[in-house]
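Each residue of the sequence shown is one higher than the one before, counting from 1 in the UniProt record's numbering. Don't be surprised by glycine CBs; every beta carbon is placed ideally from N, CA and C. Fair warning: this is a prediction, and the values are worked out from it, not measured in the lab. Worksheet for the structure shown next.
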Amino acid sequence: MNRTFETLEFNHILKQLEEYAYTERSKEKIRALEPYLRETDVKVALRETTEAREMLDKFGNPPLVTLDQVEELLNTAQKEGCLTAEQLEYIGITLTAVERLKDYLSRGKHLESGLPFYEADLYPMTDIKEELAASVRNNQVQDYASKYLKDTREQIARTEEKMRTKAEAVLKANKDAVSEQFITSRNGRICIPVKKDYKFRIPGTVIDKSSTGATLFVEPVSVAKYGEELQLLKLDEENEVRRILYTLTALIAEQQELFYENIRVIEKLDFIFAKGKLSAAVCGTLPKINLERRIRIRNGRHPLLDPTTCVPLDFEIGQKTRGIIITGPNTGGKTVAIKTVGLYCLMAQCGLHLPCGEADICMNSQVLCDIGDGQNMTENLSTFSAHITNALDILRRVNRESLVVMDELGSGTDPAEGMGIAIAILEELRKSGCLYLVTTHYPEVKQYGENAEGVCNARMAFDRETLKPKYRLEIGRAGESCAFYIAKSLGMPADMLRRASQAAYGENGSPDIMDALPEQLERRSAPVIQKEKIHKNHQTEADAFRLGDCVMVYPDKKTGIVCRTANEKGVLQVQLQDKKIWINHKRIKLHVPASELYPEDYDFSIIFESVEERKAKHQMERKYCEGMERTIPSTD
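Written out as structure tokens, the structure is:
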């Protein structure tokens, strides 16, 4: 079924639906959504979508929140752990959201639908919510969480004030001994910045010093005597905060069943309202569901197409007609039409509204598809092989309650043989009693549709005057591929169209397409391959170098001997001290000509060939030597 979802683009509908959900469990349910096979389940799902859409239209979006983190906190509370102030505040916020959702649903009870009555299964737990609001705020336990905590914190404040007062008194009494006229805090202790030279002036404990060491931060003795009292008070505060957090956590643990019920209901409502939001987004309507193998669509459009440009689809199949063969020009909308029908069946059976004026959809045990060329390089499948593989798989699985959608039936091979295979597949589908929609270009298949019982032809409308498709399905009449008309509109000349028409329709062809066309194809000038031109001056300069010339090689300024003269590109070979190189003539300069270095008939092989090469050459000149061969150097 996943392949069918992808082929009919139902997976895109599910992704769009998932975007409207908040909770992770609802998103997982949407990703796993498949057509229901029980009529009751389908009708319940559709009724929920309708009720959600009605609530959305009248009251706007519900105040849904995700409770994914609440379950983890409940597990901690259940194991006698201690929740932090931040976590408890989060639980209080979720209970406020539950209360708002309960009020939202209550406003819709006058609609006389079932969805608003889910409010009875929501528990805002007002007493716990108020306790949490009074005890924790801004991620910390409030002073008024308990009288003892309030008193303790007041004592802490008074003690810290006494310490500051004593420190300021010491500061004023020793102005000449301090480096700054203010008190400071170091490691949680109130200190005075004392100059290093006056460290013994003020009795106390050195807590810290400046980076230069010139200033010492001293806690005066008069201040330190309050330090122990302050530490004890802070321990009391910490213990009281911990006691309050444990108490609040225990309250949460006692009501964990109600919390889990809230989570379950909110996730269910989240899923239902996501369907309602999708319905509103696509302007969907409630389809009827039947078991009589009947599909009827009025003013339907594909939900992924732009509604302002999409041509509405009117479609009907069932009763006496079990199969429809759709023909018409390429890009005429055949594939979109059959994919829309298949997609509508999946959406309706999953409880989703359809973007159409009216729809009556039958339940299908399965929707089987063969759309697209199906080529697969890894499995070595051509277009035709892929179509046949899919078709055989469909025929093995099909039954009376199936819907089959096949595109370009019999394509990808010899037309005559493809036509025969297409008719054979159609006959097997007809015998199975299923509902099926296929598209084709074969005229013989159109003839089969006219004669076979329970089969009907249809076509995509095409305007011959403007040579543009109308994207409108017309059931009851076979269509044309209109290939000649399209080719004519694109400028194919009369002689080519005449040959094509005679090949398709016989010696007389189809004369009505030959008017007002050029007799021959207008030829346009094509690019010309240009051969590389060799500059004569450059070639002359290169030819000036002779075998044996001593040359200077730039930019390294090394000397070498020309061992092969220049070729047509002006490149020659030079023997350096340790190697031979090919180099352009522009990078060398004549140093000493060969005429000044060697006699007139000098044998240059002495310089450029090894001893072994000269011996082999000598032997080969005297007699035939098996296995020996010699490459004569080019002097070009």
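Asked, Found
"Neighbourhood of G204 by C-beta, 6 Å cutoff - its chain only, sequence neighbours within 5 removed", "V218, E219, P220 and V221"
"Identity of the residues DSSP links to G300 by a beta bridge", "L313"
"Rounded separation between G420 and V404 - CA only", "19 Å"
"Proximity of A274 and S26 at Cβ, strictly below 8 Å", "yes"
"Delimiting residues of the alpha helix (DSSP H) encompassing H591", "No alpha helix (DSSP H) contains H591, which is instead part of the beta strand (DSSP E) from I588 to V592."
"Cβ neighbours of L304 in the same chain (closer than 7 Å, five flanking residues each side left out)", "E9 and H12"
"Identity of the residue in D208, K268, A452 and D197 nearest D190 by Cα", "Going by the sequence as given, residue 190 is Ile instead of Asp. The shortest Cα separation from I190 among D208, K268, A452 and D197 belongs to D208."
"Alpha-carbon spacing of H591 relative to E613, whole angstroms", "29 Å"
"Opening and closing residue of the alpha helix (DSSP H) in which S605 lies", "S605 to F608"
"Inter-residue CB distance, A214 and K196 (contact presumed, cutoff 8 Å)", "5 Å"
"Sequence-distant residues of its chain with Cβ nearer than 6 Å to E48 (five each side left out)", "I272"
"The region 251–263 / the region 290–307 touching (three or more Cβ pairs under 8 Å)", "no"
"Candidates D103, V223 and Q573, of which the one nearest C563 by Cα", "Q573"
"Among E568, L37 and S385, nearest to T413 - alpha-carbon criterion", "S385"
"Distance CB(I183)-CB(R164) smaller than 8 Å", "yes"
"Outcome for S595 when other beta-carbon atoms lying within 10 angstroms are tallied against a minimum of 16", "exposed"
"Burial state of K109, where buried means 16 or more other Cβ atoms lie within 10 Å", "exposed"
"Outcome for N239 when other beta-carbon atoms lying within 10 angstroms are tallied against a minimum of 16", "exposed"
"Spatial neighbours of V70 in its chain, beta-carbon cut-off 7 Å, leaving aside the 5 residues before and after", "I91, T94, F259 and I263"
"Rounded straight-line distance, which links the Cα of Q140 to that of E119", "32 Å"
"E450 to T327 span [Cα, whole Å]", "13 Å"
"Span of the beta strand (DSSP E), counted from its first residue to its last, around N61", "Looking at the DSSP string, N61 is not in any beta strand (DSSP E), and its letter there is neither H nor E."
"Reduced DSSP secondary structure (H/G/I, E/B, other) of C350", "coil"
"Nonlocal neighbours in the same chain, by C-beta distance under 8 Å from G418, ignoring five residues either side", "F384, G410, S411, G412 and Y442"
"D549 burial status per 10 Å Cβ neighbour count (16 or more: buried)", "buried"
"Euclidean distance between Cα positions of G372 and L132", "59 Å"
"Beta-carbon proximity of E237 to I156, cut-off 8 Å", "yes"
"Bridge partners - Y181, DSSP secondary structure assignment", "Before going further, note that residue 181 is Gln rather than Tyr in the sequence given. Partner(s): none; Q181 has no beta bridge."
"Residue closest to K446, alpha-carbon to alpha-carbon, out of A461, C434, L426 and G433", "L426"
"Limits of the alpha helix (DSSP H) - the one that V70 falls within", "D68 to Q78"
"D176 (DSSP reduced to helix, strand or coil)", "helix"
"Touch test, the region 73–87 against the region 305–316, Cβ-Cβ under 8 Å, three pairs minimum", "no"
"Delimiting residues of the alpha helix (DSSP H) encompassing K27", "E24 to R31"
"Sequence-distant residues of its chain with Cβ nearer than 7 Å to E39 (five each side left out)", "I289, L291 and M363"
"Burial state of V178 (16 or more Cβ within 10 Å)", "buried"
"Cβ neighbour criterion (16 or more within 10 Å) applied to S135", "buried"
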